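Heads up, the thing below is written out as structure tokens.
Numbering (my numbering), first residue to last: 3 to 354.
Printed below as a string of structure tokens:
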């Protein structure tokens, strides 16, 4: 399963926005799609030309808009097809555009925020490199010979410090080579994660690295409930809406959890009796779904859950933004200062 493609989402947003505007102006669907193809470029242009050709041949909306899952997923086509039958095509486009705008803004924000721990990680690596290869070697001469034992310092700890300093002093002679090897390894990993053989490992890392994984998982649930609400609002039966919303999930474990409900729903079981069987990101979700299933306002609750999860995600982000610098900088700096302070104790034991 792949990650959310912001480019595909952006292309779908452009297509939906232009199509809604042209239909509001009174243009017919085939002419509107053809007009969009004349005014845009890239994948959207090819998409519009292909759809316009099918519509002119008299094919249905499902037949015309299907076959482009990267830009127009199944739930998108299903909503358009059902809205055509009920005469609410423009209203469906407006709802889809609103949903896509919200999803695009949220996913773009998540992508920007996910750069934060990466920047901190590489800065902390730079700090470690500077300290290990430039600072610690300066203390090497103090540990060349054993000058005795300071009562305030355990001998094994002193030996550890001496070993670290000797190691850093030795490796400092090859710091350029070590940096070059590290950059090569980093480059190999970056290329490797784009290969199909490493795709599963790459996806696993994206969803399990602290901070970044939580953001991505919450984003999956937000997209799922947003799509589910849209489908239910257009009159799609719950089991079919759930099945189509599942297609927006890219994380394997989340997909398996949510798919566990699909078969019972298809058999006619109540959602209120099934919500407790899934691992949800928060305890509020199953109780809200159970209450909504009993009241019959499930699509409204789906939209409420989207807002709730967005707010909950932003709160977690604020906590991590405060906490991450401690992991990458404050804690390593504390260790460095601790070592330097004991090095100063050792210096004093020599001088006095």
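Idealized CB from N, CA, C, for every residue including glycine.
In this text the structure is predicted, and so the values were computed from the model without any measurement.
Q. What are the start and end residues of the alpha helix (DSSP H) that includes residue 316?
A. 300 to 327
Q. Cα-Cα, which of 112, 114 and 132 is closest to residue 181?
A. 132
Q.
Quick check: the Cα distance between residue 40 and residue 256, rounded to an integer number of angstroms?
A. 40 Å
Q. Is residue 81 near residue 236, with beta carbons less than 8 Å apart?
A. yes
**Q.** Terminal residues of the alpha helix (DSSP H) in which residue 263 lies
**A.** 254 to 268
Q) Is the beta carbon of residue 228 less than 8 Å from the beta carbon of residue 308? A) yes
Q | Given 8 Å, three or more beta-carbon pairs between the region 83 to 99 and the region 246 to 255 | A | no
Q. When DSSP labels each residue in this structure, what does residue 284 get in the three-state scheme?
A. coil
Q) Thinking C-alpha only, which one of 73, 139 and 28 is nearest residue 2? A) Outside the shown range of the chain (3 to 354) lies residue 2, about which nothing can therefore be said.
Q) Over what stretch of residues does the alpha helix (DSSP H) that includes residue 103 continue unbroken? A) 91 to 132
Q) Short check: CB of residue 49 to CB of residue 34, under 8 Å? A) no
**Q.** Contained alpha helix (DSSP H) runs [length at least 4] in the region 24 to 65, N- to C-terminal order
**A.** 31 to 41 and 45 to 58
Q) In the structure shown, what three-state DSSP assignment does residue 221 receive? A) helix
Q) Which residue from 242, 16, 66 and 95 puts its Cα closest to that of residue 43? A) 16
Q: State buried or exposed for residue 231, treating a residue as buried only when at least 16 other CB atoms are found within 10 Å of its CB.
A: buried
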